[in-house]
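Colleague: I have a structure here, written as structure tokens, and I will follow up with some questions on it.
Residue numbers (my numbering): 2 to 425.
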């Protein structure tokens, strides 16, 4: 039996910028659960620890006070699990011959699982101190443990979450075994299609003249949610605890995190948590971070006029997503003024304040302030002050750990910001 598990993020965390500037990749949500929640669900009896970048350690320890962070116990056997894994109901070939031996399970050049004990754990320690360097670990273990190639789903870029989201909502809904459970208050003049394919949590209210249509996929609505009159929700969709839907047209693949407030049209989009899109406007095939505000009539394009696949600028490279539909990736704490227009395949960093309406560049780095023509750095002190005000409106204070992490990110992203401003 596997008792001790370390969930790690490897060097691919950079592929998920800006979403992973403020959190490890395993905290990102795909479906109803985050990647770390899916892994924990797979090993319900195990003890867990987490490995991430050092500047996120204090923030993680604050969030998970009973979970060791960046600590590797070499006194016994440990199963290391790649935090990019979409863990499902499938079984993995840990001990195919029944013998308890060290092994590494890989997919291509990526470690998916590594089961190691005393000596081998000590061998890899130098390669996980700052960052988890998979290729070097594989090299030093090559002649010491068995390696096996396996089938597994590892996310590579943010758009993988969007591509997999619908199916993951369905898979997570099945794993929770709550189908047909209605604990909240549903008005008699609300319409529910295929109620057996829904879950509605306690203290949730579905007001009159709402339509919930689960005929094409499940609808999971958490606790203390308010679905206001005139809203339409189509499955598969997920709405987290304490969210508000105000006259929303939530099409398939809508994934609304806890404490989000949404309205208007949404399709195939993940809102992380505490974000607002309360007004008219369309957001499709996008990943929206935490504490993001989309002003009235903010709209994302998610389809090119020539119907070709969407390319995204990432780390000064242009990457073909292979997807015909792809909207925007928006980092935490970024705010858009009314009438903002976001082109197909846009990326906006964390901590931006963008206003004045109109079309914005397809790539805006972290901590940028301005309209769609004139930009300057977002002053970090003013940003911290504003962020604390915004969070206190939700009865939350910006923790010292979060503030320190944001200042670290501000310094970390200076080069990209300066390069962007130099050509404006």
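In this text, a Cβ means the ideal position worked out from N, Cα and C, and glycines have one as well.
Please list, in chain order, all residues of the same chain as residue 153 whose beta carbon is under 7 Å from its beta carbon, the five residues on each side excluded.
Modeller: If you number the chain shown from 1, residue 153 lands on position 152. Result list for residue 153: 86, 108 and 113, in chain order.
Colleague: Report the option in 294, 205, 308 and 348 whose CA atom is closest to the CA atom of residue 315.
Modeller: Locating residue 315 in the chain shown gives position 314, counting from the first residue. Ranking 294, 205, 308 and 348 by Cα distance to residue 315 puts 348 first.
Colleague: Identify, in the order they occur along the chain, each residue of the same chain with its Cβ nearer than 7 Å to the Cβ of residue 1, setting aside the five sequence neighbours on each side.
Modeller: This structure does not reach residue 1, given that the chain is present from 2 up to 425, and the question cannot be answered.
Colleague: Would you mind working out which of 162, 177, 73 and 101 sits nearest residue 127, comparing C-alpha positions?
Modeller: As a position in the chain shown, residue 127 is number 126, starting the count at 1. Out of 162, 177, 73 and 101, 73 has the C-alpha closest to the C-alpha of residue 127.
Colleague: In terms of alpha-carbon separation, which member of 236, 269 and 296 lies closest to residue 428?
Modeller: Any answer about residue 428 is impossible in this case: the structure gives the chain only from 2 up to 425.
Colleague: Going by DSSP in three states, residue 30 sits in which element: helix, strand or coil?
Modeller: For the purposes of this step, residue 30 is taken as residue 29 along the chain shown, with counting starting at 1. Reduced to three states, the DSSP call for residue 30 is strand.
Colleague: Hey, which unbroken runs of the alpha helix (DSSP H) at 4 residues or more fall wholly within the segment 91 to 178?
Modeller: Runs found: 119 to 125, 135 to 142 and 159 to 177.
Colleague: Could you check whether residue 166 and residue 254 sit closer than 7 Å to each other, using their CB atoms as the reference points?
Modeller: Looking up residue 254 in the chain shown gives position 253. Looking up residue 166 in the chain shown gives position 165. Yes. Within cutoff.
Colleague: Exposed or buried, what is residue 211 when buried is set at 16 or more other beta-carbons lying within 10 Å of its beta-carbon?
Modeller: For this step, residue 211 is matched to residue 210 along the chain shown. Buried.
Colleague: Quick one: is residue 228 buried, meaning 16 or more other Cβ sit within 10 Å of its Cβ, or exposed?
Modeller: As a working note, residue 228 is residue 227 in the chain shown. Label assigned to residue 228: buried.
Colleague: Go through its chain and collect everything with a Cβ distance to residue 258's Cβ below 8 Å, but skip five positions before and after it.
Modeller: In the chain shown, the residue the question calls residue 258 occupies position 257. Closer than 8 Å at the Cβ level, and outside the excluded window around residue 258, lie 30, 241, 244, 271, 272, 273, 274, 275, 276 and 291.
Colleague: Exposed or buried, what is residue 309 when buried is set at 16 or more other beta-carbons lying within 10 Å of its beta-carbon?
Modeller: Translated into the one-based positions of the chain shown, residue 309 becomes position 308. With fewer than 16 other Cβ atoms within 10 Å, it is exposed.
Colleague: Do the segment 134 to 151 and the segment 173 to 181 touch if we need at least three Cβ pairs shorter than 8 Å?
Modeller: Flag = no, the segment 134 to 151 and the segment 173 to 181 do not touch.
Colleague: State the Cα-Cα distance for the pair residue 366 and residue 194, rounded to the nearest angstrom.
Modeller: If you number the chain shown from 1, residue 366 lands on position 365. If you number the chain shown from 1, residue 194 lands on position 193. Distance between the alpha carbons of residue 366 and residue 194: 43 Å.
Colleague: Could you please give the first and the last residue of the uninterrupted beta strand (DSSP E) stretch that includes residue 321?
Modeller: Taking the chain shown and counting its residues from 1, one reaches residue 321 at position 320. Segment 318 to 321, the beta strand (DSSP E) holding residue 321.
Colleague: Does DSSP put residue 197 in a helix, a strand or coil?
Modeller: The residue labelled residue 197 in the question sits at position 196 within the chain shown. Three-state result, residue 197: helix.
Colleague: Return the first residue and the last residue of the alpha helix (DSSP H) that residue 58 is part of.
Modeller: For the purposes of this step, residue 58 is taken as residue 57 along the chain shown, with counting starting at 1. Here the alpha helix (DSSP H) through residue 58 covers 58 to 64.
Colleague: If I'm right that residue 264 touches residue 279 with Cβ under 8 Å, what's the distance once you round it to whole angstroms?
Modeller: Taking the first residue of the chain shown as position 1, residue 264 is located at position 263. Taking the first residue of the chain shown as position 1, residue 279 is located at position 278. That pair is a contact at about 5 Å.
Colleague: Pull up the distance between the alpha-carbon of residue 110 and that of residue 294, whole angstroms please.
Modeller: For the purposes of this step, residue 110 is taken as the residue at position 109 of the chain shown. For the purposes of this step, residue 294 is taken as the residue at position 293 of the chain shown. Taking the straight line from one Cα to the other gives about 38 Å.
Colleague: Counting C-beta neighbours from all protein chains within 10 Å, is the total for residue 57 16 or more, i.e. buried, or is it exposed?
Modeller: Numbered from 1 along the chain shown, position 56 holds the residue referred to as residue 57. It is buried - the Cβ of residue 57 has at least 16 other Cβ atoms within 10 Å.
Colleague: Exposed or buried, what is residue 423 when buried is set at 16 or more other beta-carbons lying within 10 Å of its beta-carbon?
Modeller: On the chain shown, position 422 is the one that residue 423 refers to. That one is exposed.
Colleague: Give the single residue among 216, 40, 408 and 64 whose Cα lies nearest to the Cα of residue 83.
Modeller: On the chain shown, residue 83 is found 82 positions in, with the first residue counted as 1. Comparing Cα-Cα distances from residue 83 to each of 216, 40, 408 and 64, the minimum goes to 40.
Colleague: Counting pairs of beta carbons, one from the segment 142 to 153 and one from the segment 60 to 80, are three or more of them closer than 8 Å?
Modeller: Contact fails: fewer than three Cβ-Cβ distances are below 8 Å.
Colleague: Does the distance from the C-beta atom of residue 122 to that of residue 75 stay below 7 Å?
Modeller: For the purposes of this step, residue 122 is taken as residue 121 along the chain shown, with counting starting at 1. For the purposes of this step, residue 75 is taken as residue 74 along the chain shown, with counting starting at 1. Closer than 7 Å, so yes.
Colleague: Have a look at 359, 260, 213 and 329 and flag the residue whose alpha-carbon is nearest the alpha-carbon of residue 346.
Modeller: On the chain shown, position 345 is the one that residue 346 refers to. Per the Cα distances, 329.
Colleague: Answer with buried or exposed for residue 53, where buried requires no fewer than 16 other C-beta atoms within 10 angstroms of its C-beta.
Modeller: For the purposes of this step, residue 53 is taken as the residue at position 52 of the chain shown. Buried.
Colleague: Find the nearest neighbour of residue 131 within the set 10, 5 and 306, judged by alpha-carbon distance.
Modeller: Counting from 1 along the chain shown, the entry for residue 131 is found at position 130. It is 10 whose Cα lies nearest to the Cα of residue 131.
Colleague: By the DSSP assignment, the beta strand (DSSP E) with residue 424 in it spans what residues?
Modeller: As a first step, residue 424 is located in the chain shown; it is residue number 423 there, counting from the start. Unbroken run through residue 424: none, as it is neither H nor E.
Colleague: How big is the Cα-Cα spacing for residue 321 and residue 414?
Modeller: For the purposes of this step, residue 321 is taken as residue 320 along the chain shown, with counting starting at 1. For the purposes of this step, residue 414 is taken as residue 413 along the chain shown, with counting starting at 1. Straight-line Cα distance between these residues: approximately 24 Å.
Colleague: What is the DSSP secondary structure of residue 188, counted as helix, strand or coil?
Modeller: Locating residue 188 in the chain shown gives position 187, counting from the first residue. Of the three classes helix, strand and coil, the one that applies to residue 188 here is coil, per DSSP.
Colleague: Can you list, in chain order, the residues of its chain whose CB lies under 8 Å from that of residue 129, leaving out five sequence neighbours each side?
Modeller: On the chain shown, residue 129 is found 128 positions in, with the first residue counted as 1. So the list reads 9, 52, 73 and 138, once near-sequence residues are dropped.
Colleague: Taking 7 Å as the limit between beta carbons, can you name the residues of its chain near residue 324, skipping five residues before and five after?
Modeller: Walking along the chain shown from the start, residue 324 turns up at place 323. Contacts found: 160, 164, 310 and 311.
Colleague: Return yes when the Cβ of residue 208 is within less than 7 Å of the Cβ of residue 189, no when it is not.
Modeller: Locating residue 189 in the chain shown gives position 188, counting from the first residue. Locating residue 208 in the chain shown gives position 207, counting from the first residue. The answer is no: Cβ separation not under 7 Å.
Colleague: In terms of DSSP beta bridges, what is residue 249 paired with?
Modeller: Residue 249 sits at position 248 when you count from the first residue of the chain shown. Per DSSP, 265.
Colleague: Among 370, 285 and 341, which one has its Cα closest to the Cα of residue 359?
Modeller: For the purposes of this step, residue 359 is identified with residue 358 of the chain shown, where counting begins at 1. Residue 341 is the option with its Cα nearest to residue 359.
Colleague: Can you name the residues that DSSP bridges to residue 309?
Modeller: In the chain shown, the residue the question calls residue 309 occupies position 308. Answer by DSSP bridge pairing: none, since residue 309 is not bridged.
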